[in-house]
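A.B. asks:
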Amino acid sequence: MTPEFVSLSNNWPLYLTTMIVKILVVFVVVILIVAYATWLERKVIGHMQTRLGPMETGWHGLLQPIADGLKLFFKEDIIPEKAAKFTFLLAPMMLLVPAFITFAVVPFGPDKVIGGYLVPMQITDLNVGVLYVLAMAGLGAYGIVLAGWSSNSKYSLMGGIRSTAQMISYELAAGLSIVAVFMLAETLSLRQIVALQMEPLWGTISFLPNWYVFSQPLAFGLFILTSLAEINRTPFDLPEAESELVSGFCTEYSSMKYALFFMAEYANMVVIAAIAATLFLGGWSGPFFGPINLLLKILAFMFFAIWLRATMPRVRYDQLMTMGWKVLIPLALANVIVTGVVVLLMQ
Amino acid sequence: MFKEFAKGLSITFKHLLPGHSTTVQYPHVKLTPSDRFRGLHRLVPTQDREKCVACYLCPTVCPAKCITVESAENEKGEKYPRVYQIDLLRCIFCGYCVEACPVEAIEMTGEYELANYRRSDFDFTKQRLLR
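Residue numbers (our numbering), protein chains in the order written: chain A, 1 to 347; chain B, 348 to 478.
(1) Along chain B, in chain order, which residues have C-beta atoms closer than 7 angstroms to that of residue 316 (chain A)?
(2) According to DSSP, residue 432 (chain B) sits in a beta bridge with which residue or residues?
(3) Let me check one thing: in DSSP terms, what residues is residue 398 (chain B) bridge-paired to?
(4) Give the interface partners of residue 368 (chain B) over in chain A, defined as CB-CB distance under 7 angstroms, in chain order.
(5) Count Cβ pairs between the region 206-213 of chain A and the region 280-294 of chain A that sit closer than 8 angstroms; are there 3 or more?
(6) Measuring straight from C-alpha to C-alpha, what distance separates residue 445 (chain B) and residue 231 (chain A)?
(7) With DSSP run on the structure shown, which of helix, strand or coil describes residue 371 (chain B)?
(8) Looking at the C-beta of residue 386 (chain B), does it have a partner C-beta in chain C at a distance below 8 angstroms?
(9) Which runs of the alpha helix (DSSP H) fall wholly inside the region 130-210 of chain A and span at least 4 residues, in chain order?
(10) What are the start and end residues of the alpha helix (DSSP H) that includes residue 281 (chain A)?
(11) Who are residue 454 (chain B)'s beta bridge partners in DSSP?
(12) Starting from residue 356 (chain B), find everything on chain A with Cβ-Cβ shorter than 8 angstroms and list it in chain order.
(13) By how many angstroms is the C-alpha of residue 195 (chain A) removed from the C-alpha of residue 288 (chain A)?
(14) With a cut-off of 8 angstroms, does the C-beta of residue 327 (chain A) fall near any C-beta of chain B?
(15) What residues are listed by DSSP as bridge partners for residue 420 (chain B)?
(16) Touch check for the region 448-457 of chain B and the region 415-425 of chain B: three-plus C-beta pairs under 8 angstroms?
(17) Just to confirm before moving on: does the CB-CB distance between residue 272 (chain A) and residue 176 (chain A) stay below 8 angstroms?
(18) Pairing CB atoms from the region 90-97 of chain A with CB atoms from the region 136-145 of chain A, are three or more of them under 8 angstroms?
(19) Contact criterion: CB-CB distance below 8 angstroms. Does residue 55 (chain A) meet it with respect to chain B?
(20) Give a yes or no on contact between the region 219-231 of chain A and the region 143-154 of chain A, applying the rule of three or more CB pairs nearer than 8 angstroms.
(21) Let me check one thing: in DSSP terms, what residues is residue 260 (chain A) bridge-paired to?
(22) On the CB-based measure, 16 or more other CB atoms within 10 Å of its CB, does residue 463 (chain B) come out buried or exposed?
(23) According to DSSP, is residue 377 (chain B) part of a helix, a strand, or is it coil?
(24) Any idea what DSSP makes of residue 113 (chain A), helix, strand or coil?
(25) Excluding the 5 residues flanking residue 188 (chain A) on each side, which residues of the same chain have their C-beta closer than 7 angstroms to its C-beta?
(26) Give a single yes or no on whether residue 359 (chain B) has its beta carbon closer than 7 angstroms to a heavy atom of the ligand GDP.
(27) Roughly how many angstroms separate the alpha carbons of residue 357 (chain B) and residue 349 (chain B), rounded to a whole number?
(28) Please list the partners that residue 44 (chain A) has in chain B, where partner means a Cβ-to-Cβ separation under 7 angstroms.
(29) Per DSSP, what kind of secondary structure is residue 382 (chain B) in: helix, strand or coil?
(30) Please report the residue range of the alpha helix (DSSP H) in which residue 88 (chain A) lies.
(31) On the DSSP letters alone, give me the boundaries of the alpha helix (DSSP H) that residue 70 (chain A) sits inside.
(32) From this set, A:24, A:193 and A:250, which residue's C-alpha is nearest residue 79 (chain A)'s C-alpha?
(33) Name the DSSP bridge partner or partners of residue 360 (chain A)?
(34) Does the structure place the region 37-46 of chain A close enough to the region 261-269 of chain A that three or more beta carbon pairs sit under 8 angstroms?
(35) Output, in chain order, the set of chain A residues within a Cβ distance shorter than 8 angstroms of residue 360 (chain B).
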């Protein structure tokens with residue numbers, strides 16, 4: 001007899017403890033990745049620009065994230081006099097919280113049997129998992145536009161408006177590129193999407209996993225590109241284009257509130273990496289122990305994003321909009337149509 | 348388009364490989380400046396006195412007017428600088444004083460770590476310059 005999934009009705013103490021442990025572990029791991037992503041970014045970009053990056057705090061600057069955190073924590077917290085105080089306080093949280101709670105649906109390992117019950121290695125398996133991810137990505141835009149508006153500064157407002165326009169246009173293309181994946185998978189649950197990707201490629205080639213990056217290379221490329229734009233990473237970091245907008249929407253922020261924006265940027269990167277890995281690269285499946293595979297895929301994506309940042313100049317605003325509406329969305333739509341026709345013909 | 352992207356990415360990746368950094372870890376590693384480096388001044392000594400004959404050519408040529416010289420005569424009837432002081436906060440390290448000197452009594456060393464805590468510490472007197 002296969003053991004059944006643990007739930008509130010069949011064994012509530014086990015359910016609650018495993019749930020709390022899972023949430024704590026995921027939260028701590030994400031925070032650690034976020035902290036050390038800043039270190040990694042500074043090191044990698046430094047070396048790519050033939051510098052060394054942080055070297056003085058600890059071995060090769062390994063304690064730098066802690067030093068930065070402490071410094072920001074003890075900085076003076078300034079709220080501009082003319083700012084809308086409530087929204088000014090709310091905005092950084094509005095940006096960071098959606099980034100963190102997206103992890104609730106990311107599966108990070110095979111199910112474990114504990115005390116006769118199956119415990120899924122995923123905080124919660126929503127049957128609309130992909131929609132939840134898209135919804136949370138959409139919520140992030142509110143944080144940025146509120147930050148820009150409530151600061152009551154022209155640079156912040158410009159940054160906020162640009163960012164919202166950018167996020168809304170690129171969310172369409174990102175969403176459409178994901179559509180192709182769940183047309184193949186015929187499910188929205190991330191858990192089942194990962195399970196489907198562990199089968200042999202197209203049911204025939206046994207030495208390759210059925211990762212959707214092989215069936216949907218265009219969708220993968222589009223997703224990477226559009227999601228980088230959606231989280232405002234270079235080469236699409238127009239909202240914080242320092243040469244024109246000082247620091248964009250976070251110009252007026254200081255101390256820990258600024259740190260929250262900073263964390264949100266990296267947390268968003270981790271989220272996008274985890275989603276890209278889960279939808280296209282087989283999630284936690286792979287040669288090593290489940291979570292390690294996922295971590296490796298996340299790190300590879302982060303490295304790629306940092307690498308891009310060190311290489312590409314920022315695109316112009318009109319180029320960004322042209323690319324989003326005239327290139328990426330038509331491509332994503334065409335991809336959906338072609339996938340649909342192929343899926344129909346295969347049946 | 349993709350070829351150009353790949354080219355750019357490969358260039359940055361090449362620089363990431365070890366051995367491409369040109370950074371010198373300054374306080375731990377120090378470069379030796381070249382012989383022509385214009386650092387802190389030095390008054391050249393001879394056996395019993397400084398070479399300087401207090402001819403006033405260096406304070407005359409100095410564009411920053413940072414050199415103070417007061418001449419005097421010693422017991423052998425030779426001219427010597429009773430006071431020779433360089434205000435390093437005014438000095439622009441142009442090296443004109445070295446060029447102007449007819450007896451090569453002043454030269455510039457490779458010393459460049461000149462930070463200090465008090466303004467008075469930047470007045471380099473004859474004793475401090477004779478090294």
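Built from N, CA and C at the ideal position, the CB exists for glycine as well. Note that the coordinates shown come from a computational prediction; the quantities given were computed from them, not determined experimentally.
C.D. replies: Taking the coordinates as given:
(1) Residues of chain B whose Cβ lies closer than 7 angstroms to the Cβ of residue 316 (chain A) do not exist, since the nearest Cβ in that chain is about 16 angstroms away.
(2) In DSSP, residue 432 (chain B) forms a bridge with B:415.
(3) Residue 398 (chain B) is not bridged to any residue.
(4) 47, 50, 51 and 52
(5) yes
(6) 59 angstroms
(7) coil
(8) Included in the structure are the protein chains A and B, with no chain C among them.
(9) 154-185 and 190-197
(10) Element bounds for residue 281 (chain A): n/a, residue is neither H nor E.
(11) B:389
(12) 307, 308 and 311
(13) 16 angstroms
(14) no
(15) B:426
(16) The region 448-457 of chain B makes no contact with the region 415-425 of chain B, as fewer than three CB pairs between them are under 8 angstroms.
(17) Against a cut-off of 8 angstroms, the Cβ pair of residue 176 (chain A) and residue 272 (chain A) comes out as no contact.
(18) yes
(19) yes
(20) Cβ pair count under 8 angstroms is below three, so no.
(21) None; residue 260 (chain A) has no bridge partner.
(22) exposed
(23) coil
(24) strand
(25) 127, 128, 129, 130, 131 and 182
(26) Summarising the ligand content, the structure contains no ligands, and the ligand GDP is consequently not present.
(27) 12 angstroms
(28) 363
(29) Correct three-state label for residue 382 (chain B): coil.
(30) Where residue 88 (chain A) is concerned, the enclosing alpha helix (DSSP H) stretches over 85-101.
(31) 64-73
(32) Of the candidates A:24, A:193 and A:250, the residue whose Cα lies closest to the Cα of residue 79 (chain A) is A:250.
(33) No information on residue 360 (chain A) is available, as it lies outside the stretch 1 to 347 that chain A covers here.
(34) yes
(35) 48 and 307
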